[in-house]
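Just so you know, the first sequence maps onto residues 0 to 778 in numbering that gives the first Met the number 0. Below is one structure, written out as structure tokens; the observations come after it.
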Amino acid sequence: MEDYLSQLNDSQREAVLYDDGPSLVVAGAGSGKTRVLTCKIAHLLQNGYQPHSILALTFTNKAAREMKQRITSIIDEYVVRYLWMGTFHSIFYRTLRREAVHIGFTPDFTIYDSADSKNLIKTIIKEMQLDDKIYRPGMVQSRISHAKNALITCNAYERNRELLNYDKQTKTPFINEIYKRYQNRCFTAGVMDFDELLLQTNILFRDHPDVLEKYREQFRYVLADEYQDTNFAQHLIVTRLCEKHQHVFVVGDDAQSIYSFRGANIDNMLRFKDHYPTCKVFKLERNYRSTQNIVDAANSLIAKNKEQIEKTVYSENKKGGKIIVLSSYSDYEEGYLVSARILDMIRDTGYSYSDFAILYRTNAQSRVIEDVLRKRMIKYKIYGSQSFYQRKEIKDVLAYFRIVINPTDEESVKRIINYPARGIGDTTIDKLQNVAIHANVNLWDVISSPLEYDVAINKGTAGRLENFYHMIKDFQDKEKTMTASEIAEYIIKSSNIAGTLIHDLSIESISRRENVQELLNAINEFVVMRREEGIENVSLMEFLMEVSLMTDQDNDKEENADKVTMMTIHSAKGLEFNNVFIIGMENELFPSQHSMGNLRAIEEERRLFYVALTRAKENCIITYAKNRYRNGLSYKTTPSFFIEDIESKYLDFRNNIELPVTRKQLPESEKQDSSFESHTSARNPAWDSDMQLSETHRQYGAPQRTPHLKPLKNTDNAANDKSPALNGLTVGRKVVHDRFGEGEVVALKGTGSNAMATIKFKNAGEKNLLLKYAILKML
DNA sequence: GGCCGGGGCATTTTT
DNA sequence: TGCCCCGGCC
0 MEDYLSQLND SQREAVLYDD GPSLVVAGAG SGKTRVLTCK IAHLLQNGYQ PHSILALTFT
60 NKAAREMKQR ITSIIDEYVV RYLWMGTFHS IFYRTLRREA VHIGFTPDFT IYDSADSKNL
120 IKTIIKEMQL DDKIYRPGMV QSRISHAKNA LITCNAYERN RELLNYDKQT KTPFINEIYK
180 RYQNRCFTAG VMDFDELLLQ TNILFRDHPD VLEKYREQFR YVLADEYQDT NFAQHLIVTR
240 LCEKHQHVFV VGDDAQSIYS FRGANIDNML RFKDHYPTCK VFKLERNYRS TQNIVDAANS
300 LIAKNKEQIE KTVYSENKKG GKIIVLSSYS DYEEGYLVSA RILDMIRDTG YSYSDFAILY
360 RTNAQSRVIE DVLRKRMIKY KIYGSQSFYQ RKEIKDVLAY FRIVINPTDE ESVKRIINYP
420 ARGIGDTTID KLQNVAIHAN VNLWDVISSP LEYDVAINKG TAGRLENFYH MIKDFQDKEK
480 TMTASEIAEY IIKSSNIAGT LIHDLSIESI SRRENVQELL NAINEFVVMR REEGIENVSL
540 MEFLMEVSLM TDQDNDKEEN ADKVTMMTIH SAKGLEFNNV FIIGMENELF PSQHSMGNLR
600 AIEEERRLFY VALTRAKENC IITYAKNRYR NGLSYKTTPS FFIEDIESKY LDFRNNIELP
660 VTRKQLPESE KQDSSFESHT SARNPAWDSD MQLSETHRQY GAPQRTPHLK PLKNTDNAAN
720 DKSPALNGLT VGRKVVHDRF GEGEVVALKG TGSNAMATIK FKNAGEKNLL LKYAILKML
């Protein structure tokens with residue numbers, strides 16, 4: 000097959016053919032970036048690169064799978080099989096297992112998913128007798144995760160003034176201690192969380208130049224997809240691997256970077272050129288997906304963002320209709336509006352349900368819409384609910400698997416030591432755990448010889464513990480000689496999981512049974528597949544490896560029936576639909592209240608809106624409600640200022656009497672407490688530094704804020720039309736801010752919703768404030 | 001050990 | 001409003 004090049008446009012082809020050093024492909028929405036990546040790999044394969052010398056990194060298993068499939072249509076499947084293509088996590092899990100000895104692990108370490116690690120954090124917070132209202136496990140988890148993503152180990156954390164100060168300021172000084180204990184517990188349990196995989200990979204490469212050299216030798220070409228979503232740990236891995244040969248090819252769209260809250264750092268892409276001076280930048284600017292109007296509208300929106308790589312996305316598709324803006328009285332009415340429109344369009348133009356997607360900022364918004372769609376008998380499917388591998392019954396079974404491979408995996412032990420019920424209750428577990436902590440051994444050590452550790456348990460409990468121990472031992476013995484599917488079936492039967500599920504006659508139990516069965520099927524399939532690849536005895540470990548990093552939402556199955564798709568905008572990234580509804584376009588909802596006042600956060604929200612718009616191929620309809628239930632209370636809302644960020648010539652305010660109300664018209668009461676610094680100050684990117692980086696300001700800098708919405712009373716806000724302070728501001732003006740105190744305006748920039756002032760405060764230093772939200776009194 | 005009800009709480013989530 | 005967690009009760 001040679002004609003793959005002919006399917007490309009000029010800029011795509013240029014990127015594929017260029018083979019002379021670092022390449023950055025800036026791929027606008029819908030510009031065929033996957034095509035470029037797959038063709039690039041095919042091209043490399045055809046030009047002498049061995050498949051095992053190509054490393055291609057993606058963010059999702061789905062992306063890796065699809066890419067492999069597409070390459071297979073160009074190149075022989077047998078060759079494609081040996082490509083190193085997968086997610087960052089799965090590739091380096093494999094690597095770390097192989098190199099485990101260098102990092103003090105054994106190759107059979109297992110993986111804590113986020114729920115496991117959250118549980119462990121919860122346990123530690125309890126053990127330290129900290130208030131979990133202050134040390135909210137989710138918050139602690141995200142702090143630890145951000146630290147790891149920035150390659151700050153718990154020891155480095157301890158030495159990091161900035162972080163410690165931040166923790167002090169936020170009245171959570173023990174984060175570092177929790178982090179330490181957490182690491183210690185993970186280490187003795189022989190487990191890693193997701194972030195740890197990348198952190199350890201970096202440690203491995205840093206401390207073992209010979210190992211790094213080996214992989215540098217092997218991977219002659221490194222490619223990475225969705226580069227705007229990489230965090231520092233991932234970026235550094237890529238950097239290290241291609242430092243010598245400089246054969247690095249990264250693809251991404253800075254305008255679609257929407258995961259900074261998970262540690263993704265858009266600078267990895269924005270500053271790629273600084274890091275590779277010889278880097279060649281390719282821009283894919285032709286959008287093949289959407290109508291001209293949609294592309295132009297999206298462009299006019301994203302132009303409001305400051306930091307971005309310059310590019311002009313254009314479409315040569317038909318012009319298409321304007322983006323329709325609809326308003327409704329309430330969130331409920333919004334649902335009716337959407338469903339009515341769907342039915343109209345189906346009637347008028349012959350669309351079917353599957354041509355529609357309803358996108359929203361938060362999952363909570365789906366409920367109202369669901370209600371209405373159900374009433375109107377419109378079929379729909381919701382994405383992003385619990386994924387298969389997060390279901391309780393599946394996690395239970397996998398916990399057994401994990402223990403068989405790695406009995407020190409504490410979260411798994413705790414999960415199933417009493418499931419199915421075998422009379423080992425919380426009290427016993429607590430006792431065992433305490434003993435383990437004090438003796439500084441693993442829970443499993445105590446379980447295997449409770450007498451030795453002098454656990455205060457009665458005979459009966461001791462006996463039950465012993466049975467449990469022998470059961471696991473038995474599984475471990477059998478595992479050595481059985482294939483993954485045999486041992487899986489054996490475990491499910493003799494642990495009595497099967498019995499328990501059959502016994503229970505509730506409806507949920509039936510679906511649980513089906514899910515467990517489905518897992519068994521998946522194992523069988525996996526074993527068969529591997530056999531076809533010539534691997535005779537597929538072990539449980541291999542299946543676990545595959546599945547531990549699989550949170551894939553492959554809910555597609557035969558659910559491909561004709562249904563309207565509902566999902567958050569985040570999960571819609573990468574997808575496309577003929578007709579897209581973006582609902583809930585209101586200030587404080589979209590952009591989210593959490594982003595208000597923080598320019599960087601607002602820009603990310605704007606990119607999110609950009610992603611939403613560019614999902615649409617033909618029609619895009621945005622809606623907002625004037626009143627919305629949130630957290631059980633009704634609130635008056637205002638249309639999102641993002642709507643105004645789109646040039647009005649691309650919009651069609653259908654049956655709206657008034658134009659969107661701007662922030663100016665908000666009652667004064669709702670403007671309280673809504674200003675704080677934005678984080679636009681130049682960060683020292685951790686590009687050049689090694690593990691010790693202080694890129695923490697941005698990661699940790701976002702202040703926590705309380706929602707400032709006020710419940711709706713019988714307010715009539717006509718009288719409150721006070722314009723905010725931005726008009727009278729000039730450089731040199733003295734102002735007072737209620738949190739930062741007195742200061743002087745040193746610079747003004749931006750216009751409209753982006754207008755900002757740099758203010759030098761006497762006590763709080765220099766801050767950039769978004770004038771829209773800053774409450775400033777002039778002196 | 002399992003069930004019920006009150007209280008507190010609420011972004012986004014590729015691995 | 002709905003979910004989750006915890007404490008109290010059987």
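Note that CB positions come from ideal geometry on N, CA and C, so glycine has one too.
Report, in whole angstroms, the separation of the C-beta atoms of Asn-578 and Phe-355, which I expect to be a contact under 8 Å. As a first step, residue 578 must be located in the first sequence, where it is residue number 579. As a first step, residue 355 must be located in the first sequence, where it is residue number 356. In this structure Asn-578 touches Phe-355 by the C-beta definition: roughly 5 Å separates them, less than 8 Å.
If you drop the 5 nearest sequence neighbours on each side, which residues of the same chain put their C-beta closer than 8 Å to that of Ser-10? In the first sequence, counting from the first residue as 1, residue 10 sits at position 11. Excluding positions up to five away in sequence, the list reads Phe-281, Lys-282, Leu-283, Glu-284, Arg-285.
State the start and end residues of the unbroken alpha helix (DSSP H) segment that holds Ala-155. The count along the first sequence starts at 1 and reaches residue 155 at position 156. That run of the alpha helix (DSSP H) goes 153-157.
Checking 9 Å against the spacing of the C-beta atoms, do Ile-177 and Leu-162 come in under that value? Numbered from 1 along the first sequence, position 178 holds the residue referred to as residue 177. Numbered from 1 along the first sequence, position 163 holds the residue referred to as residue 162. Their beta carbons are not under 9 Å apart, which means Ile-177 does not touch Leu-162 by this criterion.
In this structure, does DSSP put Met-84 in helix, strand or coil? Your numbering for residue 84 matches position 85 in the first sequence. It is a strand residue.
Residue closest to Thr-171, alpha-carbon to alpha-carbon, out of Ile-53, Asp-192, Lys-132, Cys-278: Taking the first residue of the first sequence as 1, we reach residue 171 at position 172. Checked all of Ile-53, Asp-192, Lys-132, Cys-278; the closest Cα to Thr-171 is Lys-132.
Same chain only: Cβ atoms within 6 Å of Lys-32, ignoring 5 sequence neighbours per side: For the purposes of this step, residue 32 is taken as residue 33 along the first sequence, with counting starting at 1. Sequence-distant Cβ neighbours of Lys-32 in its own chain, meaning closer than 6 Å and more than five residues away, are Ala-26, Val-250.
Can you tell me whether Asp-131 sits near the ligand ADP, meaning its C-beta is under 8 Å from at least one heavy atom of the ligand? The ligand ADP is not part of this structure, which contains no ligands at all.
If you measure between the beta carbons of Thr-622 and Leu-300, is that distance less than 9 Å? Here residue 622 is taken as the residue at index 623 of the first sequence, counted from 1. Here residue 300 is taken as the residue at index 301 of the first sequence, counted from 1. It is not a contact, given that the beta carbons lie outside the stated cut-off.
Cys-799 versus His-274: straight-line alpha-carbon distance, rounded: No information on residue 799 is available, as it lies outside the stretch 0 to 778 that the chain covers here.
Restricting to Cα atoms, I'd like to know which of Pro-590, Met-549, Arg-732, Thr-426 is closest to Ala-63. By 1-based counting over the first sequence, the position of residue 63 is 64. Nearest C-alpha to Ala-63: Met-549.
With a threshold of 16 other CB atoms inside 10 Å of the CB of Ala-438, please say whether the residue is buried or exposed. The count along the first sequence starts at 1 and reaches residue 438 at position 439. With fewer than 16 other Cβ atoms within 10 Å, it is exposed.
Taking Cβ positions, are Glu-743 and Gly-731 nearer each other than 9 Å? Looking up residue 743 in the first sequence gives position 744. Looking up residue 731 in the first sequence gives position 732. One thing to note: Glu-743 has its Cβ within 9 Å of the Cβ of Gly-731.
Span of the beta strand (DSSP E) around Glu-604: The sequence position of residue 604 within the first sequence is 605, counting from 1. Segment 598-612 is the alpha helix (DSSP H) holding Glu-604; no beta strand (DSSP E) there.
Return the CA-CA distance between Phe-608 and Ala-363, expressed in angstroms with no decimal places. Here residue 608 refers to the residue found at position 609 of the first sequence. Here residue 363 refers to the residue found at position 364 of the first sequence. Cα to Cα, Phe-608 sits roughly 18 Å from Ala-363.
For Ala-263 and Asp-224, believed in contact at Cβ under 8 Å, the rounded distance: Position 225 of the first sequence, counted from the first residue, corresponds to residue 224. Position 264 of the first sequence, counted from the first residue, corresponds to residue 263. Their Cβ separation, rounded to whole angstroms, is 13 Å, which puts Asp-224 and Ala-263 out of contact at 8 Å.
Taking 8 Å as the cut-off, does the segment 440-456 touch the segment 500-511 (at least 3 CB pairs, one atom from each stretch)? Contact fails: fewer than three Cβ-Cβ distances are below 8 Å.
Go to Met-565, then tell me how far its beta strand (DSSP E) extends in each direction, as first and last residue. Numbered from its first residue, the first sequence carries residue 565 at position 566. If you look at Met-565, you'll find it in the beta strand (DSSP E) that goes 563-567.
Near Ile-491, which residues of its chain fall below 6 Å by C-beta distance, leaving aside the five closest residues on each side in sequence? Residue mapping note: residue 491 aligns to position 492 of the first sequence, counting from 1. The beta carbon of Ile-491 sits closer than 6 Å to the beta carbons of Ala-497 from its chain, once the five residues preceding and following it are set aside; these are given in chain order.
How about Ile-53 and Tyr-220: do their beta carbons lie closer than 9 Å? Position 54 of the first sequence, counting from 1, holds the residue named residue 53. Position 221 of the first sequence, counting from 1, holds the residue named residue 220. In contact: Ile-53 and Tyr-220 (Cβ atoms closer than 9 Å).
DSSP state of Asn-713, grouped into three classes? In the first sequence, counting from the first residue as 1, residue 713 sits at position 714. A caution first: Asn-713 carries a pLDDT of 33, below 50, which makes its placement in the model too unreliable to give a value.
Assigned secondary structure, Ser-448 (DSSP; H/G/I helix, E/B strand, else coil): Here residue 448 corresponds to residue number 449 of the first sequence, with the count starting at 1. Looking at Ser-448 - three-state DSSP - the assignment turns out to be coil, as it is neither helix nor strand.
Does the Cβ of Ile-415 have 16 or more other Cβ atoms within 10 Å, making it buried, or fewer, making it exposed? Residue mapping note: residue 415 aligns to position 416 of the first sequence, counting from 1. With 16 or more Cβ atoms within 10 Å of its Cβ, Ile-415 is classed as buried.
Burial state of Gly-137 (16 or more Cβ within 10 Å): For the purposes of this step, residue 137 is taken as residue 138 along the first sequence, with counting starting at 1. It is exposed - the Cβ of Gly-137 has fewer than 16 other Cβ atoms within 10 Å.
For Gln-307 and Ala-28, what's the separation of their Cα atoms in angstroms? Your numbering for residue 307 matches position 308 in the first sequence. Your numbering for residue 28 matches position 29 in the first sequence. Taking the straight line joining both Cα atoms gives about 14 Å.
Supposed contact pair Pro-50 and Val-78 - C-beta distance, whole angstroms, cut 8 Å: In the first sequence, counting from the first residue as 1, residue 78 sits at position 79. In the first sequence, counting from the first residue as 1, residue 50 sits at position 51. That pair is a contact at about 5 Å.
Using only the alpha-carbon positions, how far apart do Ala-624 and Arg-340 sit? Residue numbering aside, residue 624 sits at position 625 when the first sequence is read from its first letter. Residue numbering aside, residue 340 sits at position 341 when the first sequence is read from its first letter. One Cα belongs to Ala-624, the other to Arg-340, and the distance between them is close to 16 Å.
Candidates His-234, Ser-22, Leu-203, Lys-303: which alpha carbon is nearest Glu-604's? Position 605 of the first sequence, counting from 1, holds the residue named residue 604. It is Lys-303 whose Cα lies nearest to the Cα of Glu-604.
Which residues in the same chain as Gly-422 place their Cβ atom closer than 6 Å to its Cβ, once the five residues preceding and following it in sequence are excluded? On the first sequence, residue 422 is found 423 positions in, with the first residue counted as 1. These residues qualify, in order along the chain: Arg-463.
Only counting the same chain, and skipping five residues up and downstream in sequence, which positions put a Cβ closer than 8 Å to that of Glu-98? Reading the first sequence from its first residue, position 99 is the one you call residue 98. Contacts found: Leu-203, His-207, Val-210.
For Thr-348 and Lys-318, which I take to be in contact (beta-carbon distance under 8 Å), what is that distance rounded to the nearest angstrom? Counted from its first residue, the first sequence places residue 348 at position 349. Counted from its first residue, the first sequence places residue 318 at position 319. Lys-318 and Thr-348 do not touch by the CB rule: their CB atoms are close to 17 Å apart, not below 8 Å.
Tell me the residue span of the alpha helix (DSSP H) that contains Lys-279. Within the first sequence, the letter at position 280 stands for residue 279. Not the alpha helix (DSSP H): Lys-279 falls in the beta strand (DSSP E), residues 279-283.
Cβ-Cβ separation, Leu-129 to Tyr-181 (assumed contact under 8 Å), whole Å: Against the first sequence, residue 181 aligns to sequence position 182. Against the first sequence, residue 129 aligns to sequence position 130. Contact annotation, Tyr-181 with Leu-129: C-beta distance approximately 13 Å; criterion of less than 8 Å not satisfied.
Helix, strand or coil: which one does DSSP assign to Asn-683? Here the question's residue 683 lines up with position 684 in the first sequence. Because Asn-683 carries a pLDDT of 28, less than 50, the predicted location of this residue cannot be relied on, and the following value inherits that uncertainty. Secondary structure of Asn-683 (DSSP, three-state): coil.
Please determine, among Ile-323, Phe-260, Val-294, the residue with the shortest C-alpha to C-alpha distance to Met-786. Summary: the structure shown does not reach residue 786, with the chain confined to residues 0 through 778, and so no result is reported for it.
With a 10 Å radius around its C-beta and 16 neighbouring C-beta atoms as the bar for buried, classify Glu-535 as buried or exposed. Counted from its first residue, the first sequence places residue 535 at position 536. Around the beta carbon of Glu-535, fewer than 16 other beta carbons sit within 10 angstroms, so the residue counts as exposed.
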